[in-house]
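Trainee: Take this structure first; my questions come after.
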Amino acid sequence: QSVLTQPPSASGTPGQRVTISCSGSSSNIGNNYVYWYQQLPEAAPKLLIYTNHQRPSGVPDRFSGSKSGTSASLAISGLRSEDEADYYCAAWDDSLSGYVFGSGTKVTVL
Amino acid sequence: EVQLLESGGDLVQPGGSLSLSCAASGFTFSSYAMNWVRQAPGKGLEWVSGISGSGGSTYYADSVKGRFTISRDNSENTLYLQLHSLRVEDTAVYYCARWDAAFFYDSSGYYTGVDYWGLGTLVTVSS
Numbered sequence: 005q006s007v008l009t010q011p012p013s014a015s016g017t018p019g020q021r022v023t024i025s026c027s028g029s030s031s032n033i034g035n036n037y038v039y040w041y042q043q044l045p046e047a048a049p050k051l052l053i054y055t056n057h058q059r060p061s062g063v064p065d066r067f068s069g070s071k072s073g074t075s076a077s078l079a080i081s082g083l084r085s086e087d088e089a090d091y092y093c094a095a096w097d098d099s100l101s102g103y104v105f106g107s108g109t110k111v112t113v114l
Numbered sequence: 367e368v369q370l371l372e373s374g375g376d377l378v379q380p381g382g383s384l385s386l387s388c389a390a391s392g393f394t395f396s397s398y399a400m401n402w403v404r405q406a407p408g409k410g411l412e413w414v415s416g417i418s419g420s421g422g423s424t425y426y427a428d429s430v431k432g433r434f435t436i437s438r439d440n441s442e443n444t445l446y447l448q449l450h451s452l453r454v455e456d457t458a459v460y461y462c463a464r465w466d467a468a469f470f471y472d473s474s475g476y477y478t479g480v481d482y483w484g485l486g487t488l489v490t491v492s493s
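As you go down the protein sequences, you meet chains G and D in turn.
Here this note's numbering = 1-based position in the first sequence + 4.
Here this note's numbering = 1-based position in the second sequence + 366.
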């Protein structure tokens, strides 16, 4: 069972907005930065959002991240077929002294 | 361009040992903490271990503590993971992953995260 809780799936039609939640606690999200990763089928994960809401160069501004208290969320606006992937949130956990991941959310473009 | 290339994955029997390597290029290796993250077939991501830029601080997930050892050679730009007492549940793709700074926390004391990933190497533990 993952320390960070994500919904197992999310879906939308092309052009729609999809939001993925990530729930944690005061020892992880509440006290450290949240990172988001995209994993396309049969590929390595790729950084999507760092330090809660920053986008690396090359990541479209359709992807946005936010954090409030012990929860975070990733929003994908203008959904495209190439956004079909697994999405993971992550944060350092002070109690575990380790980096913890969410269970992952599979996004399907209908 | 940051590149991380893992090697060493293999089929090994339960109770056996294995050594993984990660050759880094495209950045000043000693200026970044490094990690190993694994993904069992069809499952999610699991952080395994991390080491600071100097090698002076190491961290391990409880699931591997006492069995795995992380190390680095900054003169060779290489990260290592020694795996001992392997179990069937250690079967996974093992990714080398760069932390976004030399230390795991920033100047404010808040921990940051992984920014680059390698392509992974498959470790299969089976009799």
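From the three backbone atoms N, C-alpha and C, an ideal C-beta is built for every residue, glycine too.
Computed from a prediction, not measured in an experiment: that's the story for all the values here.
Helix, strand or coil for residue 393/D per DSSP?
Mentor: Here residue 393/D is taken as the residue at index 27 of the second sequence, counted from 1. Reduced to three states, the DSSP call for residue 393/D is coil.
Trainee: Using the three-state DSSP reduction, which class does residue 423/D fall into: helix, strand or coil?
Mentor: Within the second sequence, the letter at position 57 stands for residue 423/D. DSSP, reduced to helix, strand and coil, places residue 423/D outside both helices and strands of the structure shown, so it counts as coil.
Trainee: Could you give the first and the last residue of the continuous beta strand (DSSP E) run that contains residue 22/G?
Mentor: Taking the first residue of the first sequence as 1, we reach residue 22/G at position 18. Counting along the chain, the beta strand (DSSP E) containing residue 22/G begins and ends at 22-27.
Trainee: When burial is assigned at 16 or more other CB atoms within 10 Å of the CB, is residue 423/D buried or exposed?
Mentor: Taking the second sequence and counting its residues from 1, one reaches residue 423/D at position 57. The residue is exposed, with fewer than 16 neighbouring Cβ atoms inside 10 Å.
Trainee: Can you tell which of 12/G, 15/G, 56/G has the C-alpha that lies nearest to the C-alpha of residue 95/G?
Mentor: Sequence index remark: in the first sequence, residue 95/G carries index 91 (1-based). For the residues 12/G, 15/G, 56/G, the minimum Cα distance to residue 95/G belongs to 56/G.
Trainee: Within the region 32-97 of chain G, note down every full beta strand (DSSP E) run reaching 3 residues or more, in order along the chain.
Mentor: 39-43, 50-53, 67-72, 75-80, 89-97
Trainee: To which residues of the same chain is residue 90/G closer than 6 Å at the C-beta, ignoring the five residues directly before and after it?
Mentor: Taking the first residue of the first sequence as 1, we reach residue 90/G at position 86. Excluding residues within five positions, the ones whose Cβ falls inside 6 Å are 43, 108, 110.
Trainee: What does DSSP give as the partner residues of residue 439/D in its beta bridges?
Mentor: In the second sequence, counting from the first residue as 1, residue 439/D sits at position 73. For residue 439/D, which the question treats as bridged, DSSP gives the partners 444/D.
Trainee: Using a Cβ-Cβ cut-off of 8 Å, state whether residue 78/G counts as contacting chain D.
Mentor: As a working mapping, residue 78/G is identified with position 74 in the first sequence. No - not a single Cβ of chain D is within 8 Å of the one on residue 78/G.
Trainee: Which residues bound the beta strand (DSSP E) around residue 16/G?
Mentor: Numbered from its first residue, the first sequence carries residue 16/G at position 12. Run containing residue 16/G: 13-16, per the beta strand (DSSP E) assignment.
Trainee: Taking only beta-carbon positions, decide if residue 455/D is within less than 8 Å of chain G.
Mentor: As a first step, residue 455/D is located in the second sequence; it is residue number 89 there, counting from the start. No, no contact with chain G.
Trainee: Output yes if chain G places a C-beta closer than 8 Å to the C-beta of residue 460/D; else output no.
Mentor: Here residue 460/D refers to the residue found at position 94 when the second sequence is read from its first residue. Chain G places no beta carbon closer than 8 Å to that of residue 460/D, leaving this residue out of the contacts.
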